[in-house]
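Taking this note's numbering, I'd label the letters of the sequence shown as residues 14 to 121.
To start, the structure under review is shown below, and the notes come after it.
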Amino acid sequence: MPSRNVCVTARCAVCGEPLPAGRPRKTCSDACRVAAWRRRHQPEPAISELPPARSRKDAAVYECPSCGDRLLGEQYCESCHTFMRRAGTGGSCPCCEQLVTLDELLDA
């Protein structure tokens with residue numbers, strides 16, 4: 014809590030220096046007053062919007078442990094009636110249309 018002697022205890026709102034004696038003020042100089050005005054009147058920072066959420070399941074390749082079939086984004090094997098295991102993130106090969114994972118492409 015500041016004492017009645019404001020020039021002893023009060024500090025500039027911008028730089029933290031002691032305020033000069035005289036009339037009540039919040040800044041110590043004209044430069045600090047201008048800096049405080051500029052801070053108050055800065056334009057709001059632009060808020061970048063996040064892209065819409067996408068499911069990782071849509072880009073995942075799943076492989077059936079029983080028959081070896083691979084499906085993109087499907088976790089259930091219709092022919093074996095079992096759940097598949099995730100092989101990794103991937104998609105269909107543009108050359109042969111087989112489902113491949115990124116790890117398989119990077120190893121080759």
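Ideal Cβ positions, reconstructed from N, Cα and C, are used throughout, including at glycine.
Out of GLN88, PRO64, CYS93, GLY81, state which residue places its alpha-carbon closest to the alpha-carbon of LYS70. Taking the first residue of the sequence shown as position 1, residue 70 is located at position 57. Measuring from the Cα of LYS70, the nearest candidate turns out to be GLN88.
List the DSSP bridge partners of SER105. Numbered from 1 along the sequence shown, position 92 holds the residue referred to as residue 105. Answer is LEU112.
Decide if the region 64–79 is in contact with the region 43–56; the criterion is three or more beta carbon pairs, one per stretch, under 8 Å apart. no
Taking SER79 as the reference, which of GLU91, GLY86, LEU85, ALA73 has the closest Cα? The count along the sequence shown starts at 1 and reaches residue 79 at position 66. If we check each option's Cα against that of SER79, GLU91 comes out closest.
Taking the alpha-carbon positions, what's the PRO59 to PRO65 distance? Taking the first residue of the sequence shown as 1, we reach residue 59 at position 46. Taking the first residue of the sequence shown as 1, we reach residue 65 at position 52. The displayed chain sequence assigns Ala, not Pro, to residue 59. Cα to Cα, ALA59 sits roughly 18 Å from PRO65.
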